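Those sequence lines, one after another, are chains A and B. If you read the first sequence in our numbering, its first letter stands for residue 3, the second for the next number, and so on. If you read the second sequence in our numbering, its first letter stands for residue 300, the second for the next number, and so on. Beta carbons: idealized from backbone N, C-alpha and C, even for Gly. Quick caveat, the model's predicted, so the values are computed rather than measured. One structure below.
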Amino acid sequence: MAMSEYLLSILIWLPIAGGVLLLAIGDDDDASSSRAGAMRYVALAVSILTFILSIGLYTGFDTTTANMQFVERTGWIAAIDVWYYLGVDGLSAPLILLTTFITPLVVISGWDVIRSRPAQYFAAFLIMEGLMNGVFSALDGLLFYVFWEAMLVPMFLIIGVWGGERRIYATLKFFLYTFLGSVLMLVAFIYLYRVTASFDLFDWMSAPLGLTAQKLIFVAFLLAFAVKVPMWPVHTWLPDAHVEAPTGGSVILAAIMLKMGGYGFVRLSLPIVPDGSKYFAGMMIALSLIAIVYISFVALMQRDMKKLIAYSSIAHMGFVTLGFFIVWHLFGESGAVLGISGGMVQMLSHGLISGALFLCVGVLYDRMHSRQISDYGGVANTMPVFAAFMVLFAMANAGLPGTSAFVGEFMVIIASFKANPWFAFFSATTLVLGAAYTLWMIKRVVYGEVANENVAALEDLNIREFIVLAVLAFAVLLIGLWPAPLVDMMNVTIEHLVEQAGQTKF
Amino acid sequence: MYSYYLTIVLAPLAAAIVAGLFGKQIGRGWAHSITIFAVGLSCVLSFYVLYQMYWGGATSENISVYTWAVTDGLRMEVGFLVDRLTVLMMAVVAFVSFTVHIYTIGYMSDDPGYQRFFSYISLFTFSMLMLVMSNNFLQLFFGWEAVGLVSYLLIGFWFKRETAIFANLKAFLVNRVGDFGFILGIAAIFTFTGSLDYVTVFASAESVAGQSIEVFPGTPWNAMTLICILLFIGAMGKSAQAPLHVWLPDSMEGPTPISALIHAATMVTAGIFMVARMSPLFELSTTALAVVIVIGAITAFFMGLLGIVQNDIKRVVAYSTLSQLGYMTVALGASAYSAAIFHLMTHAFFKALLFLAAGSVIIAMHHEQDIRKMGGVRKYMPITYWTALIGSLALIGFPGTAGFFSKDLLIDAVKESHWHGQGAVYWIAYLSVLLGVFVTALYTFRMFFLVFHGEERMDKETKSHLHETPWVVTLPLVMLAIPSLVIGWPAVEPLLFGGFFGDAIVVQSGHDVLGHMGEAWHGPLALLEHAWQTPVLWLAMAGLATAWFLFLKRPDIPETIQRKFAGIYNLLDRKYYFDDLYIKGFAAWGRGIGDFLWKRGDEDLIDGVLVNGTANSVVRLAGVMRQLQSGYLYTYAFAMIIGLTMFLGWLIWFR
């Protein structure tokens, strides 16, 4: 048990230490040097070790309690009562597992593709991993905020240094958008500290708060989280950031960073300001449905594959917020837990599928240096194995049963019908629209005659790419065919969350 | 029996995985051996289960295989409900699939995607079996979408062809429109019953039928009607009922074996099966049944008409399939679920047969599909000829064939369904199915005569190579011809009047047309003897004779008709302009909306005005502020004096 007492700290600091080590030893900016090669192996070893250790989080997890587990608590800044306070429950543990699962894949996918400053590139991802684990496990408000903001720095660098042509515009947009939102969150945190004299999230959850205060706090949180999710209409940074980010950056951004927003809602908004959340629930549902319908139409017309997947991400994240905010329509009857479970599963599933799709685009981009759909056509002729993966992930993106995407969307759709048939009506349009934009892209990119000489010269997946996509495909199918272990992990926590969301605090 | 059920389902899946992932390593021979063995095993076991159920006294079973997920008191499971309805479907699916597997050896012999094809059709068999054996709505939807996926992959099997990849996208999207209704129907079921398990849902059906829901404020709808119509929208997509029929003719872009298996015998009948399975729900909503019967009637008659003007051999059969699916749907709407399933079964045999026979001709003609370039094929391909004749006779319901029993009694049942009232619904249904008989005979024998009889219109090169196809192709034809000819005799009585389905199909006593007809039932022979007294036989004969006269005796007349009635011909040739509406209408509008929201909404409004607008305002404001910080001492001094004056003024005046 000795190690499990510090497991969360290890999951945070091991990758950060690995990243710092890489930065310290550094490389001579020559990707083919043996030193750079060793750096890659260090990065891979650290990320895989982190993943292996994180399995302990699953095996040691008690699914019968909503209490925090793997708790660590030591004083940090005594003067203002800030604690180094970590712990996970059914909401955060699966997200940490997602993070530790995706990071090694990102390291492998960048293996020999990153030619400039490889050690720093891998270091950025390792540090990023640690910080994201920190966000998911922090139970002290200030600690949470520190991880939350620190996370922006490596991502800022990943896009700004290894990004595409308009990377400066994209990074600034990304940074300002997200930073602006987070600053208001800090203001809300300081207010909560003034009221409770504590940064402990549980003190915040139990503290009585007036309705006006709750509304204001909700809005402050909303700006931070809605930008991250992203929700319509604060979503326009995402397509730009994705287009300019290197493949690995896109994967982390889509797979995990977007989940910070959804996580924020269930970790902070719903339990700390339940009445404020309830007050704005109608608006949140409306914004979610707009995201699903409006963004799907926009995705349909994209000519850049990465932009298309970015828009598709926004639409899919609409299910997350929809699932969370129908809870008050269903309070006291069955369906509330189902909606939130569905939203959570959707977050994890989207992490896998959008990550996989960005990797697929990355595979093509590495070969042809184009993301334009019109530059492709008939890829299946020259890359049959790749085509099989791409079609599989596209089908998953379209929510095919048997893949993980179906699980969350199905739960949210049936729960939202119970809340109001029109919610289900608008959200279920994704069956048609999601299939339309995804499969139309597949038709133009994968199928057809070989479009040009570049496509004719394509080589199929190498072993490195194959492993990455195969691992993701396995995960997508596993969750799709047997979501029970995942759902069981979250059930009790979500039941508790629904109770919290239903209470009145003033 | 549990291990048998698992084997029936998992054997094709395992074979599909092996042939799909390791196709290259194991080679062609192993790929087809493994898949055929697996599907053969499923077939044999399905027949064994059927035997046990009917003669062996085995009872229906409801078994959970594993728990998919449990949350919020909702148990989502994967499991089997095997009763007599299921087992009949299993036998039909596995048998037709088995024959198609064998046929594929011959049909796809020179295709580079041989292993991939076998993998797909085995995967299809697995999905279809999961669909019919399901004991809950979740798994039903899984099977439903999985067969749709395989259909997508197979229509686009020759993915280099632009037409094929257009057709498969279209098929998937149109099916998704149906699924949109279907998933809402499932959501409605969850809302009202709190369960997705068939048995639980059926048990609470009565109480659901007593509730109402206000989808539009102020207009309460009956909950059961809403549920049934939403579910039926799903069936309309999968079973290609108007107006969601447009994908099926285009699906003929796929290789012929799958046209037979998926787009004639099995997948497209999933909607029919689903409604029959849900009979305890549909029986409680007369409104929903009226919708079902009218949609079916429109499809049965108007899609049949389109078959008359098609020149592609496969498309003729495809429109015929649409029309026959319409017949089955009409039977469902008339509460004659058993008649629908009986016709589903006979249709599976004779339509698969017709498709495979068409495929046999296509191979012999070197992939020529235009019936105007065929003719007189009879003497070159005797086995194909005779089997195709059996299939055609069964399709038009020639007395004694399987189609005769299923169609004649189906029409009778519609005629008896007076409980729909004597109004428009009843007459639309009855006249459609009755006149449809003439249309069916006309297009069927038009194709038959143009292909097998008359002048030989193919070029010399093709003619010199024309000969009967190998045994792997003709054997399945014979295997399917036998049931097409004789299955009606033993099956009609137990299926329709003998209570074969037991509890699997529920009919309210007021709707029980088959029960009513059963009182006057004197066995298949008596039905045959009285066939000449019904209009059905005469309409069929008239259609056949018309076809003979127009296309063999006086082939000049059709052209004259086509010229004289150009308007009607164009309407039929353009398929009532549905494709134009969907492609130039909905699809183009969808892209227009997408473009508008993207360019005007995201780029101009959100990014242009709000995001970059804010940024620009900040820049402008900073510009103004910068003016103030000029660095000159006198400006600062001036500002200080102004400020001080205003501050003092404020103190004096307002305090």
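Query: Which complete beta strand (DSSP E) runs does the stretch 800-838 of chain B hold, if anything under 3 residues is left out?; Result: none
Query: Below 8 Å, can you find three or more Cβ-Cβ pairs linking the stretch 345-360 of chain B to the stretch 379-394 of chain B?; Result: yes
Query: Can you tell me where the alpha helix (DSSP H) holding residue 419/B begins and where it ends?; Result: 413-432
Query: Distance check for residue 553/B and residue 560/B, CA to CA, integer angstroms please.; Result: 11 Å
Query: Counting C-beta neighbours from all protein chains within 10 Å, is the total for residue 958/B 16 or more, i.e. buried, or is it exposed?; Result: Look at the range of chain B in this structure, 300 to 954, and you will see that residue 958/B is not part of it.
Query: Report yes or no: is there a C-beta of chain B within less than 8 Å of the C-beta of residue 493/A?; Result: yes
Query: Rounded C-beta distance between residue 41/A and residue 124/A? I'm assuming under 8 Å.; Result: 6 Å
Query: Where do the N-terminal and C-terminal ends of the alpha helix (DSSP H) with residue 39/A fall, by residue?; Result: 36-61
Query: If the criterion is Cβ atoms closer than 8 Å, does the pair residue 509/A and residue 441/A meet it?; Result: Not covered by the structure: residue 509/A. The range shown for chain A is 3 to 508.
Query: So which of 939/B, 713/B, 609/B has the shortest CA-CA distance to residue 637/B?; Result: 713/B
Query: Between residue 3/A and the rest of its own chain, which residues show a CB-CB distance below 6 Å, the 5 nearest in sequence each way excluded?; Result: Confidence at residue 3/A is low in this model, with a pLDDT of 46, below 50, so the placement of that residue is unreliable and no value is reported for it.
Query: Note down, in chain order, every chain B residue with its Cβ under 7 Å from the Cβ of residue 449/A.; Result: 455, 458, 464
Query: Excluding the five sequence neighbours on either side, which residues of its own chain have a C-beta within less than 7 Å of the C-beta of residue 450/A, listed in chain order?; Result: 379, 380
Query: Tell me whether residue 916/B is buried or exposed, calling it buried when 16 or more other Cβ atoms sit within 10 Å of its Cβ.; Result: exposed
Query: If you reduce the DSSP assignment to three classes, tell me which class residue 375/B lands in.; Result: strand
Query: Which first and last residues belong to the alpha helix (DSSP H) in which residue 965/B is found?; Result: Not covered by the structure: residue 965/B. The range shown for chain B is 300 to 954.
Query: Within 8 Å (strictly less), CB to CB, does residue 366/B reach chain A?; Result: yes
Query: Do you know how far the Cα of residue 166/A is from the Cα of residue 134/A?; Result: 24 Å
Query: Whose C-beta lies closer than 8 Å to the C-beta of residue 957/B among residues of the same chain, with five residues either side of it excluded?; Result: In the structure as shown, chain B begins at 300 and stops at 954. Residue 957/B is therefore absent and cannot be evaluated.
Query: Assign residue 754/B to one of three DSSP states: helix, strand, or coil.; Result: coil
Query: Roughly how many whole angstroms lie between the Cα atoms of residue 49/A and residue 417/B?; Result: 40 Å
Query: I'd like to know whether the C-beta of residue 327/B is nearer than 8 Å to at least one C-beta of chain A.; Result: no
Query: Need the endpoints of the beta strand (DSSP E) that residue 75/A sits in, please.; Result: 71-79
Query: Can you list, in chain order, the residues of the stretch 473-490 of chain B whose Cβ is nearer than 8 Å to any Cβ on chain A?; Result: 475, 476, 478, 479, 482, 483, 485, 486, 487, 489, 490
Query: Name the residues in the stretch 334-360 of chain A whose C-beta lies less than 8 Å from a C-beta of chain B; which are they?; Result: 336, 337, 338, 339, 340, 343
Query: Give me the Cα-Cα distance between residue 19/A and residue 129/A, rounded to the nearest whole angstrom.; Result: 8 Å
Query: Taking Cβ positions, are residue 88/A and residue 10/A nearer each other than 8 Å?; Result: yes
Query: What residues in its chain sit with their C-beta under 7 Å from that of residue 113/A, if we drop five residues either side in the sequence?; Result: 42, 466
Query: Measure the alpha-carbon distance for residue 439/B versus residue 677/B and round it to whole angstroms.; Result: 44 Å
Query: At a CB-CB cut-off below 9 Å, which residues of chain B make contact with residue 210/A?; Result: Simply none; closest approach about 29 Å.
Query: Is there a Cβ from chain B that is less than 8 Å from the Cβ of residue 280/A?; Result: no
Query: Where residue 467/B and residue 455/A are concerned, what is the direct C-alpha to C-alpha distance, given to the nearest angstrom?; Result: 26 Å
Query: Please name the residues in the stretch 876-901 of chain B whose beta-carbon is closer than 8 Å to at least one beta-carbon of chain A, in chain order.; Result: 889, 890, 892, 893, 894, 896, 897, 900, 901
Query: Hey, how far is the Cα of residue 409/A from the Cα of residue 476/B?; Result: 19 Å
Query: Quick check on residue 86/A: does DSSP put it in helix, strand or coil?; Result: strand
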